[in-house]
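Just below is one structure, and these are the notes that go with it.
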Amino acid sequence: MNKVVFLSPKPSDTIRLGKMIGRLLNRGDVVALIGELGAGKTQLIKGLAQGAGVSKSTYVSSPSFTLINEYKGEIPFYHIDLYRLGEEKEAEGLGLEDYFQGEGITAVEWADRIPSLLPEELLNIHIYYTGKKTRSIEMVAKGEKYKDLMTKFGVRSQEFGVKY
Ligand SMILES: Nc1ncnc2c1ncn2[C@@H]1O[C@H](COP(=O)(O)OP(=O)(O)OP(=O)(O)O)[C@@H](O)[C@H]1O
Ligand SMILES: [Mg+2]
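Letter by letter, the sequence shown follows residues 58 to 221 of the working numbering.
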């Protein structure tokens, strides 16, 4: 399986979906999030971080003054937000490759701003508005490792409920 589409009726469902995905993430995994302003990328990452083992007491929000927030858990979790990035070449000095190739889990908001810097294999999550409170969340696996994750996820996704 390499693609699943969910319908999220409310923010807490987006977080819940993120948690379910987060539980399946391993060291070195990269999740690329794409979606308009306010689509729910940060909400989903909140869930990813919790699912990946970042303690609940550790507040997860979008990095506001830095581009990268780091959470120390059993597996380090990196939240990168490229909203304030201008051109792609501005990202070249940030050492993003070190995160992508490192031992932690990395989630990138506005991943579409750095197409040539992203690793070839990753989990792509595209969030679309379908209404004021509803979102369509499309997951696409690029690479064998992520296809395996999606297959495992496919079994668990039934517990999520709403699925196209
Ligand atoms: N089904 C839903 N899933 C996620 N968020 C939702 C949903 N319905 C409404 N919302 C609202 O949409 C907003 C999503 O905010 P969030 O910061 O996660 O978006 P974002 O994609 O990270 O935006 P930005 O591009 O500004 O970083 C929140 O205010 C949330 O309450
Ligand atoms: Mg955000």
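Where a beta carbon is used, it is the ideal one built from N, C-alpha and C, also for glycine.
For clarity, every value in this text was computed on a predicted model and none was experimentally measured.
Rounded to the nearest angstrom, what separates residue i and residue j at their Cα positions?
| i | j | result |
| --- | --- | --- |
| H136 | L81 | 17 Å |
| L151 | L174 | 11 Å |
| A96 | M77 | 19 Å |
| E93 | Y156 | 24 Å |
| A109 | I132 | 8 Å |
| R141 | E147 | 10 Å |
| D169 | E145 | 10 Å |
| K202 | L180 | 9 Å |
| S193 | V61 | 10 Å |
| L298 | V111 | As displayed, the chain neither begins before 58 nor continues past 221, which places residue 298 out of reach and without an answer. |
| N59 | G79 | 17 Å |
| E149 | P176 | 14 Å |
| L74 | H183 | 13 Å |
| T71 | K103 | 9 Å |
Which stretch, first to last residue, makes up the alpha helix (DSSP H) that contains residue i?
| i | result |
| --- | --- |
| I72 | 68–79 |
| E166 | Not the alpha helix (DSSP H): E166 falls in the beta strand (DSSP E), residues 162–166. |
| L101 | 98–108 |
| D138 | Where D138 is concerned, there is no enclosing alpha helix (DSSP H), although the beta strand (DSSP E) it sits in stretches over 134–138. |
Looking at the unbroken beta strand (DSSP E) that takes in residue i, where does it start and where does it end?
| i | result |
| --- | --- |
| I232 | Nothing about residue 232 can be reported from this structure: the residues present for the chain run from 58 to 221 only. |
| L153 | L153 -> not in any beta strand (DSSP E); alpha helix (DSSP H) instead, spanning 153–157. |
| E195 | 192–199 |
Heavy atom of ligand 4 less than 7 Å from the Cβ of residue i, yes or no?
| i | result |
| --- | --- |
| D138 | No copy of ligand 4 occurs in the structure displayed; its ligands are ligand 1 and ligand 2 alone. |
For this session: May I ask you to verify whether the region 62–79 touches the region 173–192, counting CB pairs closer than 8 Å and requiring at least 3?
Result: Proximity of the region 62–79 to the region 173–192 meets the contact definition, three or more beta-carbon pairs being nearer than 8 Å.
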